[in-house]
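**Student:** In our numbering, each residue carries its 1-based index in the sequence shown increased by 336.
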Amino acid sequence: MRRIGFVLCCIAGTLLLQSCGDARSKELPGLDMAAHSLPYPRPEMETLAVFPGVPALPDSIRTTLQLRRAFFARDFQQLDQALQKLRADYLAGRSDFSVLERFNSGIEDTQLAGIDACADWLHAMPASYAAHWVCGAMWSGAAWKARGTKFAQDVSAAQFAIMHERLARSSALLEKALGLDPRPFEALTNLATNQYLDGNAELGARYLQRAEQIQPQYLPIHEARMNYALPEWGGLPEQVRAAFEHAKKSGVSQDALLDLEDRYLIRPGKMSDPGAARAYWEKAIRTQPTRARLSRLLDHFLWLENWQDALPVADRLIATYPDSVSAYYRRARINEKLGRIAEALGDYRMAAAMGHDPSLQTLIMAHVSGGLGIAGKTFDASVILCRYGATLGSAVGANCIGSLYDEAGRVGIKFPHNPRQSLAWHQLGARAGHYNSQYDLGWLLFTGRGEAADGAEAKRIGTFWMRRAAEQGHHYAKRKLEESHIDLTEPTSDANIVLSMLYELKRIVF
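#1: Output needed for residue 616: all residues of its chain with C-beta closer than 8 Å, excluding positions within five of it in sequence on either side, in chain order.
#2: CA-CA distance, residue 663 and residue 688?
#3: Do residue 514 and residue 470 have their C-beta atoms within less than 9 Å of each other?
#4: Do residue 561 and residue 533 come within 9 Å of each other at the CB atom, strictly closer than that value?
#5: Which of helix, strand or coil does DSSP assign to residue 749?
#6: Indicate the three-state DSSP secondary structure (helix, strand or coil) for residue 710 in the structure shown.
#7: Do residue 508 and residue 472 count as a contact pair if the criterion is CB distance below 9 Å?
#8: Only counting runs of 3 or more residues, tell me where the beta strand (DSSP E) segments fall wholly within the segment 403 to 482, in order along the chain.
#9: When the Cα atoms are used, what is the spatial distance from residue 583 to residue 553?
#10: Leaving out five residues on either side along the sequence, give the residues of the same chain with a beta carbon under 7 Å from the beta carbon of residue 742.
#11: How big is the Cα-Cα spacing for residue 729 and residue 567?
#12: Do you know how far the Cα of residue 433 is from the Cα of residue 400?
#13: Which residue comes first and which comes last in the alpha helix (DSSP H) that contains residue 385?
#14: State buried or exposed for residue 815, treating a residue as buried only when at least 16 other CB atoms are found within 10 Å of its CB.
#15: For the candidate residues 488, 398 and 492, whose alpha-carbon lies nearest to that of residue 828?
#16: So residue 808 and residue 376 are in contact, right, with Cβ under 8 Å, and what is the actual spacing, rounded?
#17: With distances taken from CA atoms, which of 643, 682 and 660 is nearest residue 674?
#18: Given a threshold of 16 other Cβ atoms within 10 Å of its Cβ, counted over all protein chains shown, does residue 373 qualify as buried or as exposed?
#19: Taking buried to mean at least 16 other C-beta atoms within 10 Å of its own C-beta, is residue 709 buried or exposed?
#20: Can you have a look at residue 481 and say buried or exposed, based on whether 16 or more other CB atoms are within 10 angstroms of its CB?
#21: Spatial neighbours of residue 715 within its chain, please: CB distance less than 6 Å, with the 5 preceding and 5 following residues excluded, ordered by chain position.
#22: Between residue 593 and residue 581, what straight-line distance do the alpha-carbon atoms span, to the nearest angstrom?
#23: Looking at C-alpha atoms only, which residue of 653, 711, 724 and 631 is the closest neighbour of residue 408?
#24: Does the beta-carbon distance from residue 559 to residue 524 come in below 9 Å?
#25: Enumerate in chain order the residues of its own chain whose CB-to-CB distance from residue 826 is below 6 Å, with the five nearest sequence positions on each side excluded.
#26: At what residues does the alpha helix (DSSP H) containing residue 784 begin and finish?
#27: Pull up the distance between the alpha-carbon of residue 791 and that of residue 802, whole angstroms please.
#28: Going straight from the alpha carbon of residue 547 to that of residue 488, what length do you get?
#29: Do you know how far the Cα of residue 609 is from the Cα of residue 454?
#30: Report the CB separation of residue 384 from residue 698 in whole angstroms; it is logged as a contact under 8 Å.
#31: Does the Cβ-Cβ distance between residue 431 and residue 474 come in under 9 Å?
#32: What is the DSSP secondary structure of residue 826, counted as helix, strand or coil?
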């Protein structure tokens, strides 16, 4: 079998070289231009580490934000040491995993904003387990973003191809991480989810087993096993139940077990009667008022636009769990709908200070255009918000700083004019998923104003970014592509087909 695979891979490799036209290339051709290096300087600005005028943040939030700032400031020694200590405390039972999970989730939320920081971290500390695990998780999160949340039949071949490329980058880093730490349970769990996403459930299950041998109570292991046992991923209800019973024997906390049961077994959100879902959550909260249960009842009321009943739930959630970032944002929306503008403004500010991008966007727009009791054109305050977000790798902050470097002087905002820094920040914002940066960078490159060395290559990268913006509903990106007679999604070339062949052969044969 291996011999057959070797022959097939040689044939595919020959086709690949022919389709590439350059046998010396170190990089396989692909559709994902997000990783393509452009001749821009490193993004620079005056940093801001303190959000003015908000109460003291919870310790766990402050620690998470410090780690994010260290990552984007490239303070890798501090970052690596802090992550090692947090892991050691967790493994020794001195703390839970919440700060590490929140940091990792925050980096994933910025999508590929950290791609250059990761490259620098890996270069500076090639034996760092944390660098390989965190950056592998970043690429994995970006693979999910490429695929989107649609049903498989609604995802384009190009989106799947980009997803595969990002999964390959992620798995390469995570595989290397396995040899850099004696207990790489995070990397093993992430490798498992990569395999499940890619359709290889058998290999995913083996990775989870290895992770569980190291840290059986690690919640993401059981979340992954139960999620991919659901019928929508090709599993069966009895497999979900078996996975839950297994989690009960693994030392997972009681609150976490209740959340697993709610999400994967009971699934109130699937109940046809909204009244039944509400009744379930209210009864569950009377029995055991966990963070997850309060949050899901709050989401249920928001879905129904039942602002009056939502408010006391949000109040309770924040009072009990003051580090619940999204709860401040949701309460801000509720207060705004109820006409409690001062309270809404305070909650938006608190959520933004905790690193919540939609809250940051809401506040910036209020200072620019008016709203929430704020007079419009209060530009000094908006610049402060932009700087604060950009320091955290925020898509909103990056887009704003990119625009300020190019356009601030035209509207009377005091900010240095630097077109090259504008491009650098828009590239970061595009990688972070901001559709305005994706369009702005894409259109500049497409029309030859993006300072890229090669005109044809610049046009190709510009088209890539305009397509990403169009996927998110950017009207001008869609219109410009249509006016230029360019398909809204990438055609898959012979090279991409061969890449898919190689990928499948590696999975099947080796």
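All residues carry an ideal CB built from backbone N, CA and C; glycine is no exception.
**Tutor:** The relevant details are as follows:
#1: 602, 604 and 607
#2: 12 Å
#3: no
#4: no
#5: Here residue 749 sits in coil by DSSP.
#6: strand
#7: yes
#8: Here no run is fully enclosed.
#9: 8 Å
#10: Beyond the five residues adjoining it in sequence on each side, residue 742 comes within less than 7 Å, by CB distance, of 755 and 758 in the same chain, given in chain order.
#11: 36 Å
#12: Taking the straight line from one Cα to the other gives about 12 Å.
#13: Where residue 385 is concerned, there is no enclosing alpha helix (DSSP H), given that its DSSP letter is neither H nor E.
#14: exposed
#15: Considering only alpha carbons, the answer is 492.
#16: That belief does not hold up - the Cβ atoms of residue 808 and residue 376 are roughly 23 Å apart, past 8 Å.
#17: 643
#18: Looking at its Cβ environment, which holds fewer than 16 other Cβ atoms inside 10 Å, residue 373 is exposed.
#19: Exposed, because fewer than 16 other Cβ atoms sit within 10 Å of the Cβ of residue 709.
#20: Residue 481 comes out buried.
#21: 749
#22: 10 Å
#23: Considering only alpha carbons, the answer is 724.
#24: no
#25: Cβ neighbours of residue 826 beyond the five flanking positions: 367 and 494.
#26: Premise fails: residue 784 is in no alpha helix (DSSP H) and is neither H nor E.
#27: So the two alpha carbons sit approximately 16 Å from each other.
#28: 28 Å
#29: 47 Å
#30: The pair is not a contact, with the Cβ atoms about 18 Å apart (cut-off 8 Å).
#31: no
#32: coil
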